[in-house]
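In what follows, a structure is listed as structure tokens, so that the remarks can point back to it.
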Amino acid sequence: MIVYKAGDWWRALWHFHTSSVILLLLRRVALVGVYNIAVALVVLRYHAVPIQLGREYFSFLGIMLSLLLVFRTNTAYDRYYEGRRVWGQLVSHCRGLAIELNAILPRDAARSRAYYAALISNFPLALKGHLRNNVRFEQFEATPDIIGRLQAADSPTVCLLAVLQESIEQLRQAQIIDPVHLLAFKPHLLGMMEVNGVCERIKSTPIPFSYTFFIKMFITLFIGIMPFVLLASSGYWMIPITMVGAYIMLGLVMIAEEIEQPFGTDSNDLPITQLAHKIRVSVHDVLNVELPHFKKALAAPPYSVVR
Amino acid sequence: MIVYKAGDWWRALWHFHTSSVILLLLRRVALVGVYNIAVALVVLRYHAVPIQLGREYFSFLGIMLSLLLVFRTNTAYDRYYEGRRVWGQLVSHCRGLAIELNAILPRDAARSRAYYAALISNFPLALKGHLRNNVRFEQFEATPDIIGRLQAADSPTVCLLAVLQESIEQLRQAQIIDPVHLLAFKPHLLGMMEVNGVCERIKSTPIPFSYTFFIKMFITLFIGIMPFVLLASSGYWMIPITMVGAYIMLGLVMIAEEIEQPFGTDSNDLPITQLAHKIRVSVHDVLNVELPHFKKALAAPPYSVVR
Amino acid sequence: MIVYKAGDWWRALWHFHTSSVILLLLRRVALVGVYNIAVALVVLRYHAVPIQLGREYFSFLGIMLSLLLVFRTNTAYDRYYEGRRVWGQLVSHCRGLAIELNAILPRDAARSRAYYAALISNFPLALKGHLRNNVRFEQFEATPDIIGRLQAADSPTVCLLAVLQESIEQLRQAQIIDPVHLLAFKPHLLGMMEVNGVCERIKSTPIPFSYTFFIKMFITLFIGIMPFVLLASSGYWMIPITMVGAYIMLGLVMIAEEIEQPFGTDSNDLPITQLAHKIRVSVHDVLNVELPHFKKALAAPPYSVVR
Amino acid sequence: MIVYKAGDWWRALWHFHTSSVILLLLRRVALVGVYNIAVALVVLRYHAVPIQLGREYFSFLGIMLSLLLVFRTNTAYDRYYEGRRVWGQLVSHCRGLAIELNAILPRDAARSRAYYAALISNFPLALKGHLRNNVRFEQFEATPDIIGRLQAADSPTVCLLAVLQESIEQLRQAQIIDPVHLLAFKPHLLGMMEVNGVCERIKSTPIPFSYTFFIKMFITLFIGIMPFVLLASSGYWMIPITMVGAYIMLGLVMIAEEIEQPFGTDSNDLPITQLAHKIRVSVHDVLNVELPHFKKALAAPPYSVVR
Amino acid sequence: MIVYKAGDWWRALWHFHTSSVILLLLRRVALVGVYNIAVALVVLRYHAVPIQLGREYFSFLGIMLSLLLVFRTNTAYDRYYEGRRVWGQLVSHCRGLAIELNAILPRDAARSRAYYAALISNFPLALKGHLRNNVRFEQFEATPDIIGRLQAADSPTVCLLAVLQESIEQLRQAQIIDPVHLLAFKPHLLGMMEVNGVCERIKSTPIPFSYTFFIKMFITLFIGIMPFVLLASSGYWMIPITMVGAYIMLGLVMIAEEIEQPFGTDSNDLPITQLAHKIRVSVHDVLNVELPHFKKALAAPPYSVVR
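Residue numbers (UniProt numbering), protein chains in the order written: chain D, 1 to 307; chain F, 1 to 307; chain C, 1 to 307; chain X, 1 to 307; chain W, 1 to 307.
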């Protein structure tokens with residue numbers, strides 16, 4: 001994720017070159033430029049094809065395309081923001097579980113506290129790994145048998161919740177907690193399960209292929225028609241301004257494609273590794289369990305900050 | 001459902017031909033072409049009807065139509081996404097129920113565990129069958145008397161929830177679970193009931209007929225007017241560009257119609273069969289019940305992947 | 001409600017004439033035609049008023065009006081869809097209540113079961129009657145004293161919920177249900193109350209008068225200005241095309257007015273009578289209470305199906 | 001609040017003059033007319049300033065302004081509708097509380113029933129007074145010591161909820177209700193608290209000043225530029241049509257300002273006095289407490305009905 | 001926060017100069033003016049570059065940019081409004097907690113009451129400090145050991161909730177409260193945790209850098225192209241009108257940047273200090289704990305009121 005200082009206009013523009021997507025975009029815009037030059041040469045030099053496309057038609061297509069691109073932008077941003085929202089909820093639910101356990105467990109039950117702190121902290125790490133197809137079991141803090149169970153499980157996040165629920169149920173059977181406490185824990189366990197489900201949904205269900213395809217086809221047709229329309233009014237100046245138009249349209253689609261998968265490692269994606277470590281720090285702090293300093297440091301933002 | 005690699009532009013366009021809707025669309029666009037040629041011949045050749053329609057009028061209609069098409073696209077996409085969202089919730093609630101039961105049932109109560117794993121797993125299969133008007137009772141895992149009850153029921157999904165509730169109530173009466181556990185199960189049973197209701201709603205209530213009709217009438221009028229407007233400025237070139245415009249408008253309506261019923265078996269519909277099998281795998285895994293390998297394999301994505 | 005087969009374009013247009021709103025719309029469009037002819041005669045024939053209104057002005061008004069009409073369409077559709085959503089929730093909550101009671105009541109308590117099945121089934125019927133200002137107490141299944149209480153009550157739906165709550169409380173005092181069961185019933189009773197509230201709100205609170213008035217005034221002014229703008233560019237052709245424009249604008253407003261009150265008996269309104277009967281069938285089925293066949297038949301869709 | 005019959009177009013326009021905002025609007029439009037005449041005289045008569053402003057620029061500003069006005073309209077309408085939604089929830093929660101109490105309190109506990117009916121009924125009256133900065137304690141039904149406590153309190157609505165909670169807690173300590181009943185009451189008390197909070201928020205937080213200011217500045221600039229653009233194409237006809245445009249823009253802003261504070265006593269505001277009295281009638285009815293007829297009559301709609 | 005009287009147009013415009021952002025905006029508009037003059041001199045005087053850019057192209061870019069700016073405005077306003085909504089919920093939850101405690105704690109338990117009143121009141125103060133990176137522990141009312149614990153904690157708000165939960169758990173262990181009361185407290189503690197999470201999310205996650213950058217780049221390109229387009233139709237008048245256009249576009253972006261971080265101390269930001277003090281007054285009032293007058297006075301609005 002890139003964090004930036006809102007007020008500074010030129011510095012924001014300057015960091016243009018930091019994104020990896022930009023090279024692909026520029027290559028595509030260059031391709032459009034080549035096409036435009038070809039059209040201009042054929043039409044203007046040899047007058048081979050005296051085409052006249054009405055402005056009103058161009059305006060109509062332009063408005064339709066603009067609205068579709070804003071639709072695309074909105075849906076992509078909604079997915080991004082929903083991803084951020086549920087990770088925020090994950091922070092709250094992990095803390096909430098820790099706060100409940102902290103109030104119930106005796107002050108000096110250091111082992112129980114460490115056990116739960118580790119168990120809760122593993123959940124965001126497992127979710128992060130699950131979303132990036134790379135669960136790193138060596139990062140987890142748990143007894144070898146739990147690690148083994150997680151590795152054998154269909155889904156490590158679901159398995160972690162099952163282990164958590166089992167140990168809470170054992171607390172109840174040992175009468176350390178009241179049956180009512182089960183209901184006090186429930187919203188948090190439910191919330192963690194939901195966060196898991198929403199993240200899986202965002203990851204596995206892109207915007208329907210029809211729309212992706214349709215918008216790309218539309219832009220391709222529009223860019224194909226554009227030089228013929230603009231040639232009449234702008235002459236050779238058509239070439240750079242059509243490239244500017246292509247830059248805008250292609251840019252919007254490419255940003256949308258980058259944003260709508262917010263759990264990757266692109267520069268605009270959500271800092272879920274850092275959030276997972278932040279949850280670990282917070283949970284250990286609430287449960288009063290010491291966490292080694294180098295683990296705390298992992299919660300520091302790995303952002304590239306644009307000032 | 002089609003899953004695609006976002007970055008590749010040309011391959012995305014290439015897979016154009018895989019959709020079954022496209023033939024109908026192309027036939028309609030061809031029809032528009034025939035109409036345009038007829039208009040061009042009559043107006044240009046014989047100068048029979050010297051019509052001049054103002055551009056500003058055309059722009060006004062175009063903007064209104066664009067906004068309506070975006071409205072149509074939004075409502076269709078909302079229905080699609082709501083369908084996906086509730087199936088995601090179904091995954092979470094089935095897992096949540098399994099996690100609760102797993103914590104309560106003794107480790108060695110293999111029969112009880114298998115019973116609940118089967119019962120919960122049947123729900124998404126029944127819902128899928130219900131949404132596709134084709135419940136396949138032979139896929140269910142249950143004792144013959146439950147199967148019989150399901151077949152006699154008004155709605156198999158509601159009947160399954162009733163059976164589930166009954167057996168949970170029996171656990172309470174046998175004092176295997178605390179009364180408070182009823183409340184821990186409640187959100188999941190409530191959630192499954194709601195998912196069932198939302199899916200039924202999406203299936204049975206299309207966007208009001210007035211709007212479907214109105215947008216189709218509007219497009220028909222617009223396509224009817226278009227050649228007269230564009231003939232003055234573009235001549236015979238009007239024919240292909242009007243067809244491009246018709247392709248855009250008809251395409252948007254047809255995609256919307258395909259997307260807004262997300263539970264069918266079109267190539268853009270939701271993979272609910274695979275999700276139902278994925279829930280079965282997950283629930284059996286949590287409850288520690290062995291599932292035959294060929295049943296696990298059904299959870300693999302039946303997507304046609306566009307690379 | 002009209003249910004239609006999405007794919008067929010011409011049949012959809014054909015069913016144009018089935019709506020009762022259409023006659024009013026056509027009469028209004030004809031009125032616009034008369035006005036246009038008058039304008040054309042005065043301006044073109046006698047050159048009495050050589051008015052020239054700028055296109056850019058017409059475009060500006062057109063865009064503003066289009067956006068307002070889409071705003072109107074959105075709010076109307078939201079009300080329609082919210083109405084449908086809460087009736088879907090009503091289905092779920094009535095079933096959920098039946099499922100809870102079914103699990104608790106002994107299999108052979110036929111009388112209790114019939115009592116609750118009738119009581120729950122009355123609620124959607126009462127709500128339907130309440131929304132259409134025509135509660136038909138003879139449709140209810142209840143003892144005469146409950147019917148009497150309902151007839152005397154300020155609101156029959158609220159009174160039914162009060163009766164339901166009383167009898168559940170009696171179950172608790174008779175120790176047939178655990179106190180915790182009260183909380184298992186609670187979400188459903190709360191849900192039914194909320195559905196009642198939302199339906200009352202949709203029925204009693206239209207979109208603010210200012211907006212209704214403002215949009216009508218805007219359309220009136222716009223249609224008044226339109227012929228002067230289009231006369232210069234289109235001549236007598238202005239008459240039919242202005243009528244097409246008027247058809248679009250008036251049509252959108254009239255559909256919005258029809259849709260935003262979704263509980264009436266217009267052809268686009270929600271089939272709440274059928275939904276109420278469907279709930280009755282489902283609740284009796286879950287509680288294992290026989291329902292006469294002619295009552296089951298009432299749940300069949302009274303749609304006019306457009307194929 | 002104005003209630004209207006949707007279908008009648010001319011009567012709706014006729015009631016134009018009933019609003020008090022309209023005089024201010026007409027005065028502002030007249031001011032714009034004076035400005036336009038001055039511009040026309042100076043530019044056309046003396047040819048002093050041969051200004052030519054491009055249409056494309058005017059279109060661009062027009063679209064931007066239209067979109068901003070729709071944004072303004074949407075946010076204002078959302079606030080209006082949110083206000084209506086929470087008052088609907090208030091109706092439901094007050095009724096729900098009454099239904100719970102009715103089921104628990106013995107049929108013949110007339111005094112307790114009257115006490116709670118009065119207490120619950122006071123809440124919407126207090127909220128209404130709070131929102132209109134005019135709490136009328138003489139309308140309340142309560143013992144003098146409760147009235148005194150309310151008058152001394154920082155917020156009468158919060159104080160009423162505190163009194164309600166105290167007396168429910170006393171019921172529990174007197175073992176008239178089970179501890180579990182506390183949780184059955186909880187959603188309603190929580191809901192009433194939330195309604196109070198949402199209403200306070202809507203009342204105290206307008207749309208940010210920047211946007212209000214920005215849109216007013218934009219309209220002022222746009223109306224200032226408009227005559228110069230339209231003079232070239234429309235001549236003196238520019239004067240009336242610019243006034244029509246000003247009427248549209250100023251009207252939208254003024255309606256938004258009227259709607260976004262829905263708790264006042266403007267003709268488009270929510271009928272919260274009537275809703276508060278309706279809740280009183282409903283609560284007394286459920287708890288089976290007689291309410292004097294003149295108090296019932298206060299629930300009748302004070303609408304001016306537009307037929 | 002600026003509170004204003006809605007009806008007065010000129011006074012609203014007059015307060016233009018109160019904002020600190022305005023100087024930066026005017027400086028940027030002046031820069032655009034300098035650029036325009038340079039373009040006009042080069043193009044008109046020396047006819048060096050006979051550029052002709054088509055209007056239809058300009059319109060297309062203008063519509064796209066307008067839609068993107070409205071998207072930007074919407075997302076910024078949503079963040080602002082979400083911030084306000086959760087602070088409203090915070091008010092409700094703090095009051096709700098106080099109401100629950102007030103009903104349970106004996107009337108004369110002055111010390112317990114003061115303890116809880118202080119503890120709850122500290123939460124909004126801590127949250128405010130956390131959001132402004134400046135927690136002022138000397139403002140808190142708590143015993144030194146709690147202050148020490150807060151200062152050592154990773155997050156003071158989370159720590160406060162942990163302390164609150166601990167003391168509620170102690171009440172339960174001392175049997176002052178019933179286990180069921182834990183669940184009555186739960187929604188409020190959950191709500192406070194969520195408010196904390198939402199505020200942290202709004203603070204730490206800006207709109208993705210890609211969009212911020214993209215919109216700035218687009219505006220820069222658009223302002224760069226604008227004078228060439230308008231020069232042909234408007235001549236030197238292009239200079240002021242392009243500056244008006246730049247003022248609109250830059251203004252929208254800058255307001256969005258100011259609004260989307262609603263927890264700062266800008267003049268349009270939320271009055272969270274005042275809200276925190278208002279909560280303190282309300283909580284002390286409910287729990288019947290005397291609060292010094294000077295602390296009450298802090299709840300008075302620090303608004304600059306625009307009349």
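All C-beta atoms, glycine included, are put in the ideal place defined by N, C-alpha and C.
Item: Give the interface partners of ASN196(D) over in chain W, defined as CB-CB distance under 7 Å, in chain order.; Value: Going along chain W, no residue has its Cβ under 7 Å from ASN196(D), so there is no contact; the nearest lies around 17 Å.
Item: Assuming ALA162(D) and ILE147(F) are in contact, meaning their beta carbons sit under 8 Å apart, how far apart are those beta carbons, in whole angstroms?; Value: About 29 Å separates the two Cβ atoms, so there is no contact after all.
Item: Is the separation between the beta-carbon of ILE239(F) and that of ALA40(F) shorter than 8 Å?; Value: yes
Item: Taking C-beta pairs closer than 9 Å, name the residues in chain W that PRO179(X) reaches, listed in chain order.; Value: ASP178, PRO179, VAL180, HIS181
Item: Quick one: Cα of LEU252(D) to Cα of GLY264(D), how far?; Value: 19 Å
Item: Helix, strand or coil for GLN274(C), going by three-state DSSP, please let me know.; Value: helix
Item: Just to confirm, are LEU287(W) and ASN102(W) a CB contact at a threshold of 8 Å?; Value: yes
Item: Is the region 201–220 of chain W touching the region 258–274 of chain D in the sense that three or more CB pairs, one from each, lie closer than 8 Å?; Value: yes
Item: Three Cβ pairs or more, each shorter than 8 Å: is that satisfied between the region 63–79 of chain D and the region 55–71 of chain F?; Value: yes
Item: Can you say whether TYR247(F) is buried or exposed, counting buried as having 16 or more other CB atoms within 10 angstroms of its CB?; Value: buried
Item: Spatial neighbours of LEU31(D) within its chain, please: C-beta separation below 8 Å, excluding the five flanking residues on both sides.; Value: none
Item: What three-state label does DSSP hand PHE222(W) in the structure shown?; Value: helix
Item: Chain W partners of ASP154(X), CB-CB under 7 Å?; Value: VAL281, SER282, ASP285
Item: Let me make sure I understand the geometry here. Which of LEU44(W), HIS130(W), ASP285(W) has the alpha-carbon closest to that of CYS199(W)?; Value: HIS130(W)
Item: How big is the Cα-Cα spacing for ARG113(C) and LEU105(C)?; Value: 7 Å
Item: Does any CB atom of chain C fall closer than 8 Å to the CB of SER233(X)?; Value: yes
Item: When you compare the CB of GLY245(X) with every CB in chain C, is at least one pair closer than 8 Å?; Value: yes
Item: Would you mind giving the Cβ-Cβ distance between LYS118(W) and ALA142(W), rounded to the nearest angstrom? I have them listed as a contact below 8 Å.; Value: For clarity, residue 118(W) is Ala in the given sequence; the question names Lys instead. Indeed, because the Cβ distance is near 6 Å, the residues count as touching under 8 Å.
Item: Which one of HIS181(X), ALA174(X), LEU160(X) has the shortest CA to CA distance from GLU169(C)?; Value: HIS181(X)
Item: Could you give the distance in angstroms between the alpha-carbon of GLY191(F) and the alpha-carbon of HIS93(D)?; Value: 19 Å
Item: Evaluate PHE294(D) with the Cβ neighbour count: other Cβ atoms within 10 Å of its Cβ, from every protein chain shown; 16 or more gives buried, anything less gives exposed.; Value: exposed
Item: Check each candidate in VAL283(X), ASP266(X), ALA299(X), GLU290(X) and name the one with the smallest Cα separation from LEU275(X).; Value: ALA299(X)
Item: Is the CB-CB distance between ILE120(F) and VAL283(F) below 8 Å?; Value: yes
Item: By DSSP, does LEU105(F) sit in helix, in strand, or in coil?; Value: coil
Item: With 7 Å as the C-beta to C-beta threshold (strictly closer), list the residues of the region 22–56 of chain F near chain D in chain order.; Value: ARG55
Item: Would a C-beta distance cut-off of 8 Å place ILE259(W) and ALA126(W) closer than the cut-off?; Value: no
Item: Output, in chain order, the set of chain C residues within a Cβ distance shorter than 8 Å of SER210(X).; Value: Result: empty, since nearest Cβ-Cβ is about 22 Å, beyond 8 Å.
Item: Should GLN274(D) be flagged as near chain W, meaning a C-beta pair shorter than 8 Å?; Value: no
Item: Which residues in chain X sit within 8 Å of PRO106(W), going by Cβ to Cβ distance?; Value: Ordered by position in chain X, no residue passes the 8 Å Cβ test against PRO106(W), which lies about 11 Å from the chain.
Item: Quick one: complete alpha helix (DSSP H) runs, 4+ long, within the region 94–139 of chain C?; Value: 110–131
Item: Using a Cβ-Cβ cut-off of 8 Å (strictly less than) and excluding sequence neighbours within five positions of ILE241(D), which residues of its own chain qualify?; Value: LEU230, SER234
Item: Cβ atoms of ASP154(W) and ASP285(D): under 8 Å apart, would you say?; Value: yes
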